[in-house]
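Count the sequence shown with mature numbering (1 follows the signal peptide of the UniProt record, and there is no 0) and you get residues -23 to -1, 1 to 305, in order. We put the CB at the ideal spot given by N, CA and C, even for glycine. These numbers come from a predicted model, not from an experiment.
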Amino acid sequence: MRIKSQLTLALLLAGLLSLNARCQTATVNSEPAVATATADPVFESLKYNFPVQKATLPDGQTIAYVDQGKGPQTIIFIHGLGSYLPAWNKNIAELSQHYRTIALDLPGYGKSSKENAQVGMKAYADAVLALMDELKIKQAVLTGHSMGGQIAITAALQAPERVQKLILAAPAGLETFTGQQKQLFKATVTPESIAKTTPEQISANIKVNFHQMPDDAQFMVEERVAMMQAAQFPDYTKAVAQGVAAMVDEPVYDRLPELKVPTLILFGENDALIPNRYLNPDLTTQAVANIGRERITDSQVKLLPQAGHMLQFEQPEAFNQAVRAFLD
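Quick look at the structure:
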């Protein structure tokens, strides 16, 4: 039982229950497409730092996104498990001065569609590519955090001509698991287990994302607790559980050598979530990063000091500098 409880903590991982935003004011713009799905007032009340737009994809899903800045390169930010687009607030604020920056809420999260959300690595990659079509973006730099990193890899494998470069921040997909371990993941993280998470557990789960949780991250706990009152909270918990299953059921490890685009792999030196210390106790974060460097032909690795799993939020200046050096 202790192993299972430890695994549960490790699985409420990689931003699983954290909402990583820097809350300011929210402005909603329905262009370029009008949303048709019913919006949940609790999720709609989440405070985003930038004007929110919504696009309806060909499959009917509504995608919420922010679009800031101009430049010769377009960066698309893809958040991780349990998170949403404001996870990138500190990066958009700086990088939008040099590039066009777009961050989206994946289906099931934030202000995007919840009901009947299409969840999966391929399904999410399809959503990213479909949003690019809606915005008439031929090619972009895909930047994914944690689960978002695995989604970015999936999209690059699926449509390499659409991806200029990859930036993988503490990405899922480099670490492998046995069949038994995969089943344990899926049995442990269920909609029911997520729904039963207490405010105290939520606080602990969010704290483990950081080396030292900054003061301005406390709102993450408040946002996540507030979400439990949403009518569409069950849809959110379903999306999170399906996301865990998809990460292990749709692996990318064997296909990493197929990636041909320049790739930057970033980790925090103090990442407590990757590798999974309970299932792969002999691995280190550096070792996982090296897997990416060895299997992705045109790749480079950088570990950021004084940073945990949520490196882009905890050390935004170092993260943004690494991104600019890679893109320029």
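Sheet register partners of residue i (DSSP bridge)
i           : result
residue 44  : 79
residue 53  : 79, 119
residue 288 : Paired residues: none, contrary to the question.
residue 280 : 244
Collapsed DSSP secondary structure at residue i in the structure displayed
i           : result
residue 242 : strand
residue 260 : coil
residue 142 : strand
residue 229 : coil
residue 219 : helix
residue 185 : coil
residue 203 : helix
residue 101 : helix
residue 87  : coil
residue 253 : coil
residue 191 : coil
residue 208 : coil
residue 106 : helix
residue 268 : helix
residue 129 : helix
residue 214 : helix
residue 273 : coil
Residue i versus residue j: straight-line alpha-carbon distance, rounded
i           : j           : result
residue 103 : residue 202 : 30 Å
residue 159 : residue 68  : 33 Å
residue 244 : residue 277 : 11 Å
residue 99  : residue 145 : 17 Å
residue 60  : residue 205 : 14 Å
residue 111 : residue 140 : 16 Å
residue 24  : residue 193 : 14 Å
residue 289 : residue 185 : 15 Å
residue 268 : residue 191 : 30 Å
residue 300 : residue 293 : 10 Å
residue 37  : residue 89  : 11 Å
residue 117 : residue 86  : 22 Å
residue 2   : residue 66  : Low per-residue confidence applies at residue 2: pLDDT is 28, beneath 50, and the placement is therefore not dependable, though the value from the model is reported in the following sentence. Spanning the two alpha carbons is a distance of roughly 12 Å.
residue 246 : residue 298 : 16 Å
Extent of the continuous beta strand (DSSP E) run through residue i
i           : result
residue 117 : 117 to 122
residue 147 : From DSSP, residue 147 is part of no beta strand (DSSP E); its letter is neither H nor E.
Close beta carbons around residue i, own chain, < 7 Å, minus the five adjacent residues each side
i           : result
residue 220 : 58, 96, 124
residue 80  : 42, 43, 54, 62, 65, 69
Element boundaries [alpha helix (DSSP H), containing residue i]
i           : result
residue 94  : No alpha helix (DSSP H) holds residue 94; DSSP gives it neither H nor E.
residue 165 : 156 to 165
residue 302 : 293 to 304
residue 71  : 66 to 72
residue 234 : Per DSSP, residue 234 belongs to no alpha helix (DSSP H) and is neither H nor E.
residue 169 : 168 to 172
residue 21  : 18 to 21
Chain-order list of residues whose beta-carbon lies under 8 Å from that of residue i (same chain, five-residue window excluded)
i           : result
residue 303 : 142, 144, 239, 241, 277
residue 229 : 98, 127, 130, 131, 134, 150
Same chain only: Cβ atoms within 6 Å of residue i, ignoring 5 sequence neighbours per side
i           : result
residue 120 : 52, 54, 144
residue 260 : 252
residue 171 : 214, 217
Residue i Cβ short of 8 Å to the ligand GDP heavy atom set
i           : result
residue 293 : Here there are no bound small molecules, and the ligand GDP is not part of this structure.
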